[in-house]
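Going down the list, the sequences are from chains A and B.
Position 49, counted from 1, in the first sequence is what this note's numbering calls 52; the numbers after and before it change by one each time, with no gaps.
Position 18, counted from 1, in the second sequence is what this note's numbering calls 21; the numbers after and before it change by one each time, with no gaps.
There are 2 protein chains.
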Amino acid sequence: MTAAATPYLIGVDLGGTRIKVLALSEDGSERERRVAGSDGPDWAARVRSLVDDLHARHGPSLGIGIAAPGLADPTGRCIAHMPGRLPGLEGLDWTGHLASPRPVPVLNDAQAALLGEVWRGAAVGQRNVLLVTLGTGVGGAVMCDGHLLRGHLGRAGHVGHITLDASGPPDIVRTPGSLEDAVGNHTLGARSSGRYHDTAALATDVVRGLPLAVDLWTRMVRDLAAGLVSLINVVDPEVILLGGGISQAGDTLLRPLALALDQVEWRPAGRCVRLATTRLGDVSGAYGAARQAQLLLSSPIS
Amino acid sequence: MTAAATPYLIGVDLGGTRIKVLALSEDGSERERRVAGSDGPDWAARVRSLVDDLHARHGPSLGIGIAAPGLADPTGRCIAHMPGRLPGLEGLDWTGHLASPRPVPVLNDAQAALLGEVWRGAAVGQRNVLLVTLGTGVGGAVMCDGHLLRGHLGRAGHVGHITLDASGPPDIVRTPGSLEDAVGNHTLGARSSGRYHDTAALATDVVRGLPLAVDLWTRMVRDLAAGLVSLINVVDPEVILLGGGISQAGDTLLRPLALALDQVEWRPAGRCVRLATTRLGDVSGAYGAARQAQLLLSSPIS
Chain A
4 MTAAATPYLI GVDLGGTRIK VLALSEDGSE RERRVAGSDG PDWAARVRSL
54 VDDLHARHGP SLGIGIAAPG LADPTGRCIA HMPGRLPGLE GLDWTGHLAS
104 PRPVPVLNDA QAALLGEVWR GAAVGQRNVL LVTLGTGVGG AVMCDGHLLR
154 GHLGRAGHVG HITLDASGPP DIVRTPGSLE DAVGNHTLGA RSSGRYHDTA
204 ALATDVVRGL PLAVDLWTRM VRDLAAGLVS LINVVDPEVI LLGGGISQAG
254 DTLLRPLALA LDQVEWRPAG RCVRLATTRL GDVSGAYGAA RQAQLLLSSP
304 IS
Chain B
4 MTAAATPYLI GVDLGGTRIK VLALSEDGSE RERRVAGSDG PDWAARVRSL
54 VDDLHARHGP SLGIGIAAPG LADPTGRCIA HMPGRLPGLE GLDWTGHLAS
104 PRPVPVLNDA QAALLGEVWR GAAVGQRNVL LVTLGTGVGG AVMCDGHLLR
154 GHLGRAGHVG HITLDASGPP DIVRTPGSLE DAVGNHTLGA RSSGRYHDTA
204 ALATDVVRGL PLAVDLWTRM VRDLAAGLVS LINVVDPEVI LLGGGISQAG
254 DTLLRPLALA LDQVEWRPAG RCVRLATTRL GDVSGAYGAA RQAQLLLSSP
304 IS
C-alpha cells in the first residue's frame, strides 16, 4: 500500500478483446492503467484480480464503475442484454462480484465513453453532446440537458441504427438501410466491390485523389451527414464528437463532412453544431465508468 | 372571486389559430377553459386579458405556464426562435408580460403536449415516452429517463426532421427525404397525384379497400415504421404516443403499423414498444404548460 492517503476512483472498461482498468484521481488524472485480455471463460475473475491488485497497492478506492458492451439494467447494477459475447456477463451483479462496499454502477460502453469525454475529453463541461463512433459498426451515445440518456431498456444512443433508406435491407437489429450499414467498416468490402477493407487504406487513396476512393468517400460523407442531421433534430447537441477508427482520418473526414452539413443542417438563427473528434481514445469508457462511480458518491440517483 | 380558497394552476397554449387557457386543479382536473383566436397583432394582449380574467374570478393562481410554437430559450422564459408567425413572440418575456410574481416557464408546444400526456393523458407515470404528431407536418417530443428533452437550442424532439432517404429532396429545415415529407398531410396531394388532400378521406378509402388508397397508406405506414424504429433506437421509449389528425384514423393506422414494426423493430429479449394514441387532444399543450409551472413550484430547475 503505497498511497493510501490519496483518494482515487477505479474505472473498468470491459471490451470484446481487452479489459482496461484505470486508477484515476478525483480530478480525473490518471494514476495507473492495467490492461489484460478478455478472452476465455475466466474474464470476470481477471477483472476482479486487477481491481483487487489496485486496492492492495493503493488502498480502498472511493468507488468503482464498469463500462461494458450490451444494455445495462435499469438498476445500473448489471448488463441485462448482451447476447453472443463475454459469456456470463448478462445478469452479473458487479457490486457482489467485486465485493464492493458501495454499489458499482454499470454503464453501456458507448454511454460511458461519452461521460468520459464530457469529464476529461473533448466536450468538457458541455451539456448537450452527441457521440458517434465510426468503426466496424456505428455506435454512440447522447447527453441532453446534462443528462446521459439511457432509456427504457438501456438502449438509448444506438445511433448507428437509424434508417437512411426506408426501403433498404435490414441491418443487424433489423433497421432498414441503416447508418451503420452505410458507413461502418463491416460493409466497406461490399461497397467497394472488394477493393477496400479498411478505412485507413481508403482514406489514403482519398488524399491521393483516386476516383473510386473519392466516390466512396463522398457517398459515405453524404450518408453520414444525413444521419447526423437526423440526430441533431432529435437530440439537439451543441457538439458532435466523432470517435472510432474512421474518425482517425481527421480533416480528411471533418472537412468534407462540414461542407455536407452546410447543405442539410437546420441552423436556427444561423447557429450550427460543432464537430470534433474524441480525445480519450480507447480509455474513454474507463474514464466514464470511474466518473459514474464518482457521481454516485454525491447522489444515489445518477 | 368565487373560489379563492382552492389552489389552481394556469396553462396557456398559444397556437397558430387559437389561444387556449386552462385553469387546472393541482391534480390536473380541469376547472375552466377559455379559448380565443390568436390572429391579429394583439394576440399577446389577449392572452394577458384571459389570464387576468381567471385571476379576477378565482384569485391568484399557484403558477402559470406557456406552451408556444418555436424554440424556447434555455432560460425557459421566452421563445427564442419562431420566424414567420405570431409577430412579437420571439423574445417576449412572459413573466413580465403577465406581471407574474413567479417565473412563468415557456415550453415548446410539442414538448408541453408530451408533458401533459405524461401528467394526465395516455402515458401517466411513464418515464420513457416518444410523442409523434402526425398532421400537416410531423412533430413531436421525447421524454427519456423521466427527463423532458430540450437540448442546446430547445430543438430536441423535432422528430419529423429525420431522414428516410438520404438522397431525397430537402424538407423545410433541409433534412433530405424526411419523415415529415413522407408522411405529413402537406405532401399528400403530391403523393396521390392530386387525388387526396386530407388523411380522413384517404383513411375512409383505405377501409373501403380502394387500391390507390391502400397503396398510399401501405407506403406511409412503412415509412412511418422506419422512422419510428430510428427513434426507438436513439431514445428507447417504453411507449410511443401518436397524435395529430392522421392518428385519428385509429386502428386503421395502428394495426398495420404494429405489423410493420414487427418487421423492423429491434426487440431485445423480445420486448417491444407499446403504441398508443394521445388522450388530451388539443389541450395537451395547455396541460403540459400548467404541469411545468407546477414542477417549478417544487424545484427552480425543471
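Every residue, glycine too, gets a C-beta built ideally from N, C-alpha and C.
- For residue 9 of chain B and residue 38 of chain B, the gap between their C-alpha atoms comes out near 22 Å.
- Only those residues of the segment 243 to 274 of chain A whose C-beta falls short of 8 Å from the nearest C-beta of chain B are listed: 266, 267, 268, 269, 271, 272 and 274.
- Looking at the DSSP output, residue 84 of chain A shares a beta bridge with A:74.
- Spanning the alpha carbons of residue 116 of chain A and residue 254 of chain B requires a straight line of approximately 42 Å.
- Here residue 166 of chain B is bridged, per DSSP, to B:181.
- Proximity of residue 234 of chain B to chain A, defined by a Cβ-Cβ separation below 8 Å, is satisfied.
- Listed along chain B, the residues sitting closer than 7 Å to residue 168 of chain A by beta-carbon distance are 168 and 169.
- Counting C-beta pairs with one atom in each stretch, the segment 85 to 104 of chain A and the segment 260 to 278 of chain A have fewer than three that are closer than 8 Å, which means they do not touch.
- When CB distances to chain B are screened at a threshold of 8 Å, the residues of the segment 80 to 95 of chain A falling below it are 83 and 84, in chain order.
- With respect to chain A, the C-beta atom of residue 155 of chain B has a partner C-beta closer than 8 Å.
- In this structure, the alpha-carbon of residue 125 of chain B lies about 32 Å from that of residue 113 of chain A.
- In the DSSP annotation of this structure, the continuous segment of the alpha helix (DSSP H) that includes residue 290 of chain A starts and ends at 287 to 301.
- Judged by DSSP in its simplified three-state form, residue 194 of chain A adopts helix.
- Only 131, 145, 147, 148, 150, 152, 153, 154, 155, 156, 157 and 158 from the segment 131 to 158 of chain B bring a Cβ to less than 8 Å from some Cβ of chain A.
- Excluding the 5 residues flanking it on each side, residue 83 of chain B has same chain C-beta neighbours closer than 6 Å at 74 and 76, in chain order.
- A contact between stretches requires three or more CB pairs, one per stretch, nearer than 8 Å, and the segment 135 to 144 of chain B meets this requirement with the segment 185 to 196 of chain B.
- Per DSSP, the continuous beta strand (DSSP E) segment holding residue 16 of chain B begins and ends at 12 to 17.
- The beta strand (DSSP E) runs lying completely inside the segment 203 to 255 of chain A and spanning 3 residues or more are 242 to 246, given in chain order.
- No Cβ of chain A is located within less than 8 Å of the beta carbon of residue 221 of chain B.
- For residue 242 of chain B and residue 287 of chain B, the gap between their C-alpha atoms comes out near 17 Å.
- Secondary structure note for residue 52 of chain B: its alpha helix (DSSP H) is the uninterrupted segment 46 to 61.
- The C-beta of residue 190 of chain B comes no closer than 8 Å to any C-beta of chain A.
- When Cβ-Cβ separations below 8 Å define contact, residue 125 of chain A makes no contact with chain B.
- Selection B:49, B:251, B:25 and B:196 evaluated against residue 100 of chain B yields B:49 as nearest (Cα-Cα).
- Using a Cβ-Cβ cut-off of 8 Å, residue 294 of chain A does not count as an interface residue toward chain B, since no Cβ of chain B sits closer than that to its own.
- Residues of chain A whose Cβ lies closer than 7 Å to the Cβ of residue 241 of chain B are, in chain order, 155.
- Interface criterion not met: the Cβ of residue 224 of chain A is under 8 Å from no Cβ in chain B.
- With distances taken between CA atoms, residue 197 of chain A lies nearest to A:216 out of A:256, A:224 and A:216.
- In this structure, DSSP gives residue 108 of chain B a state outside helix and strand, which the three-state scheme calls coil.
- For residue 41 of chain A, no pairing in a beta bridge is given by DSSP.
- When the beta-carbon positions are compared, residue 249 of chain B and residue 137 of chain B come within less than 8 Å of each other.
- The residues 131, 133, 145, 147 and 152, in chain order, have a CB closer than 8 Å to that of residue 238 of chain A in the same chain once the five nearest residues on each side in sequence are set aside.
- Rounded to the nearest angstrom, the gap between the Cα atoms of residue 54 of chain B and residue 36 of chain B is 11 Å.
- Taking C-beta atoms as the reference points, residue 57 of chain B and residue 290 of chain B fail to come closer than 8 Å.
- Taking a Cβ-Cβ cut-off of 7 Å, the neighbours of residue 74 of chain A in chain B comprise 271, given in sequence order.
- Against chain B, a Cβ distance below 9 Å from residue 173 of chain A picks out 266 and 267.
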